[in-house]
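Here is the structure we will look at.
In the numbering used here, the protein residues as written are 6 to 155.
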């Protein structure tokens, strides 16, 4: 474990997904709802060194993971069963940090960003760094969070 970030549970509550940013991995664990125990750690998504670092994350109603990619200015939708990138949303900033579903139908993706560590020149080029964005019409939505029983 290096830099722990996003956590998301599968919609059935039986799989926990966990981002470790520095090795650019999203791990999946079997999760026992009754005991709170984790087992069977495996890599669900591995980003190559040429990509930014995965940061915060959420899950949609279809079980796909939406991951903010630090220093890439994107939130990317991945299939955790195959690691395949399915969709991405770009922002006018480099440092996307996290995302979650909002709205009465959980159909708005809220995305946070950072400005920390940007140079004065980068801040001039990215005046919206540190802002919060709302994205609609993504073709999917979230659902209420799974309650933790640990």
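Glycine included, each C-beta is placed from N, C-alpha and C at the ideal position.
Have a look at the DSSP bridge pairing and note the partners of residue i.
{"i": "residue 22", "result": "13 and 33"}
{"i": "residue 73", "result": "80"}
{"i": "residue 139", "result": "115"}
{"i": "residue 43", "result": "36"}
{"i": "residue 103", "result": "117"}
{"i": "residue 48", "result": "32"}
{"i": "residue 54", "result": "Note: residue 54 sits in no beta bridge, so no partner."}
{"i": "residue 59", "result": "74"}
In its own chain, which residues sit with a C-beta less than 7 angstroms from the C-beta of residue i, not counting the 5 before and 5 after it?
{"i": "residue 97", "result": "131 and 133"}
{"i": "residue 65", "result": "71, 145, 146 and 147"}
{"i": "residue 91", "result": "69, 82, 83 and 84"}
{"i": "residue 105", "result": "63 and 115"}
{"i": "residue 108", "result": "none"}
{"i": "residue 111", "result": "146, 147 and 148"}
{"i": "residue 129", "result": "none"}
{"i": "residue 143", "result": "114"}
Only counting the same chain, and skipping five residues up and downstream in sequence, which positions put a Cβ closer than 6 angstroms to that of residue i?
{"i": "residue 136", "result": "118"}
{"i": "residue 47", "result": "33"}
{"i": "residue 35", "result": "44 and 45"}
{"i": "residue 73", "result": "60, 61, 80, 101, 102, 103 and 104"}
{"i": "residue 75", "result": "57, 58, 60 and 100"}
{"i": "residue 113", "result": "107, 139 and 141"}
{"i": "residue 93", "result": "79 and 81"}
Can you list, in chain order, the residues of its chain with a C-beta nearer than 8 angstroms to that of residue i? Leave out the 5 residues immediately preceding and following it.
{"i": "residue 7", "result": "25, 26, 27 and 28"}
{"i": "residue 54", "result": "29"}
{"i": "residue 12", "result": "21, 22, 23, 24 and 62"}
{"i": "residue 52", "result": "29, 30, 58, 59 and 74"}
{"i": "residue 127", "result": "99 and 134"}
Taking C-beta to C-beta, are residue i and residue j nearer than 9 angstroms?
{"i": "residue 140", "j": "residue 81", "result": "no"}
{"i": "residue 78", "j": "residue 95", "result": "yes"}
{"i": "residue 49", "j": "residue 86", "result": "yes"}
Between which two residues does the alpha helix (DSSP H) holding residue i run?
{"i": "residue 127", "result": "125-130"}
State the start and end residues of the unbroken beta strand (DSSP E) segment that holds residue i.
{"i": "residue 91", "result": "90-95"}
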